[in-house]
Amino acid sequence: MIRPGTSLTKQKQKRVALPKFAPGKKTESLRPQLEDFLNNCDYVGAITLLDFERKSRQDRPRLLMWLAYSYFHNGDYKKAIDTYDDAIKKENDPQLHAYKACCFYALTQYEEAEESIKQAPDSALKTRVLFHTAHKRNDEAAMMAHHQALTDTREEQLCLAAIQYLRSHFQEATDIYKRLLVEEREHWALNVYIALCYYKLDYYDVALEILQTYLANFPHSITAVNLRACSHYQLYNGKAAEAELKVLQQASNSGNIFQEHDLLQHNLVVFRNGENAVQVLPPLLDIIPEARLNLVIYYLRTGEPVEAYNLIKDLEPTLPREYILKGVVFA
């Protein structure tokens, strides 16, 4: 699925200042706990704590692994890779290569992801990563082999649904998500995945209705708020869509959340009718599928058909709008 934000344009985030404690049992009890940071998805706080412990040579089991984990979930994939490399030298755990492969995949470095995952022992995670890298390489034979190795576990069914989504088989993906939601009603994120599928099927009203369940629990979710804004764009206009994003700016601790997340930057270009398209869209071509189509539309609007042709000539259409756009360019 399209993910919010990547390290491609990630700005330096403000680190949490740890309180200075004098040694002693009383102050030890006031010390921030790693579990609290992770439970609150405060990965900047977790990184700050773990980095402090690392520099002060404190003895935490698998400190490097937790630090890499926090970097990954914070979108700092390159730092996560460097930290996993340090952990591989220190820990005798070949499974670390699988986690490192996930970082390469997030950076769209699919060959490196495969090289890394092949060094890991056989596992369900290894199967899922290879399934997705085979899809990125358009290797149908490898995809079929890994598809047959999938089981009925939640993680593997989510993996299969993601592949169906990426292949534009939105109804098949929806069926999987709905079945999982029946089994686990409080898996709130499934509502977002279902809403994404309905959005792709052009049922924008339905997508908005399903999103409400998730937003009631997580009102500042970047993915959900962004999807709501996109639905408003399709139903109304760019101004209505951009207004929906204000809740994210108001809840953000940083200066400009729109500069920190690639997906938001991309969609602001669309909402503003192509403003800053040449600056924002080219670096996102291999990260956000719609970026290529929107840049083609921009070039057509500005009378640059050759640039539009170069972008779309190798695209294999799967959706009606892709067929239409490619036909217009070739005409």
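Numbering (this note's numbering), first residue to last: 993 to 1323.
Positions of the beta carbon are idealized from the N, C-alpha and C atoms, including for glycine.
Taken in chain order, the complete alpha helix (DSSP H) segments of 4 residues or longer contained in the segment 1041-1068 are 1055-1065. Within the model, the alpha-carbon separation for Ile1289 versus Ile1214 is close to 26 angstroms.
A distance below 7 angstroms between beta-carbons, with the five flanking residues on each side excluded, links Lys1092 to the following residues of its chain, in chain order: Ile1073, Tyr1076, Ser1108.
Within a 10 Å sphere around the beta-carbon of Gly1067 sit 16 or more other beta-carbons, which makes this residue buried.
In the three-state reduction of the DSSP assignment, Glu1083 falls in the coil class. Counting the other CB atoms within 10 Å of its CB gives Thr1119 a total of 16 or more, which places it among the buried residues. When C-alpha distances from Ala1165 are compared across Ala1154, Leu1173, Val1174, Glu1175, the shortest belongs to Ala1154. Where Asp1197 is concerned, the enclosing alpha helix (DSSP H) starts and stops at 1196-1209. If you draw a straight line from the Cα of Asn1209 to the Cα of Leu1292, it comes to about 41 angstroms. Inter-residue distance for Asp1051 and Lys1082 is about 14 angstroms (C-alpha atoms, whole angstroms).
Looking only at Ala1133, His1127, Ala1134, Ala1141, the smallest Cα-Cα distance to Asp1114 is reached by Ala1141.
The Cβ atoms of Asn1245 and Ala1269 lie no closer than 9 angstroms to each other.
Between Tyr1063 and Ile1039 a beta carbon distance of about 6 angstroms is seen, short of the 8 angstroms cut, so the two are scored as contacting. For Phe1029, the enclosing alpha helix (DSSP H) stretches over residues 1026-1031.
For Gly1319, the enclosing alpha helix (DSSP H) covers residues 1312-1322. Beyond the five residues adjoining it in sequence on each side, Arg1220 comes within less than 6 angstroms, by CB distance, of Leu1203, Glu1236 in the same chain, given in chain order. Residue nearest to Ser1223 within the set Asp1197, Ala1137, His1179, His1138 is Asp1197 (criterion: CA-CA distance).
Residue environment for Asp1254: buried (at least 16 other C-beta atoms within 10 angstroms of its C-beta). Contact annotation: Val1261 and Ala1216 have beta-carbon atoms that are not nearer than 9 angstroms.
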